[in-house]
Amino acid sequence: MAVYVGHHFYVRYQQEQIIKKEQNSKRLFIQAIAPEAQAMQKQYHVYASITMAQAILESDWGSSKLAADYHNLFGIKGEGENSKVLSTKEYTNGKWVVIKGRFRVYDSWADSIKDHTQLMVKGTAYNQQNYQEVINATDYQTAARALQKAGYATDPDYAQKLINVIKTYNLDQYDR
């Protein structure tokens, strides 16, 4: 019985250490991207919390191959020499499918955040005003819904996922 109890406490200790390590890595990721997200908010009025929540969701806390190897936090697609072909999931016709896409490569996460902000400011090739409602939003919830409405992501629950991440990690504190 004592061996079982000892083993049980050891397993619980290991689990707690894993959870602490995960929480610490999330905190470090937030600290790494917050300054650039806040700088872009001051300059262009794209909420830092929105930028950060998108980076978290799109890059799996900076751990996706696209983010880790190519510094692309947002899955921004691109053409030319400074891009890579990778697999990604898209929500199409009511289900998730894996497709190949060509994605931009950046020198740093800060460069990725700057480019993401410029996408919000300048819009898309087919609609320069595409993200204007995101910039004009008066709170992060409205901005999240505006991103969904503008078609930023194929995930039908994208806006709510952004809002949940912002609430869970108190990212709205970076909007002030």
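Quick note: the sequence shown uses the working numbering, first residue 91, plus one each step.
Every residue gets a Cβ at the ideal spot worked out from N, C-alpha and C, and that includes glycine.
Note to self: Quick check: the Cα distance between L156 and T228, rounded to an integer number of angstroms?
What the structure shows: Straight-line Cα distance between these residues: approximately 31 Å.
Margin query: Could you compute how far the alpha carbon of T182 sits from the alpha carbon of H135?
Written below: Rounded to whole angstroms, the separation of the alpha carbons of H135 and T182 is 31 Å.
Check: Would you say the segment 144-162 touches the segment 191-209, given that touching needs at least three Cβ pairs under 8 Å?
Finding: The answer is yes - the segment 191-209 touches the segment 144-162, with three or more Cβ pairs under 8 Å.
Checklist line | Contact check, A122 vs L252, beta carbons under 8 Å | finding: Not a contact, by the Cβ cut-off of 8 Å.
Next item on the list: Look up P136 in the DSSP assignment and say whether it is helix, strand or coil.
Entry: Note on residue identity: the sequence assigns Val, not Pro, to residue 136. Judged by DSSP in its simplified three-state form, V136 adopts coil rather than helix or strand.
Notebook entry, point to check: Quick one: Cα of I256 to Cα of G170, how far?
Noted result: Computed Cα separation, rounded: 34 Å.
Next item on the list: Tell me whether the beta-carbon of S139 lies closer than 8 Å to the beta-carbon of D247.
Entry: With contacts defined by Cβ atoms closer than 8 Å, S139 and D247 do not form a contacting pair.
Check: Cα-Cα, which of E148, G168, A215 and P125 is closest to A249?
Finding: Minimum Cα distance to A249 is reached at E148.
Next item on the list: May I ask you to report which of helix, strand or coil DSSP gives I253?
Entry: Note: I253 maps to helix in three-state DSSP.
Notebook entry, point to check: If you follow the alpha helix (DSSP H) that E223 is part of, which residue opens it and which one closes it?
Noted result: Counting along the chain, the unbroken alpha helix (DSSP H) around E223 starts and ends at Q222 to N226.
Margin query: Taking only three categories from DSSP, how would you classify R194?
Written below: Note: R194 maps to strand in three-state DSSP.
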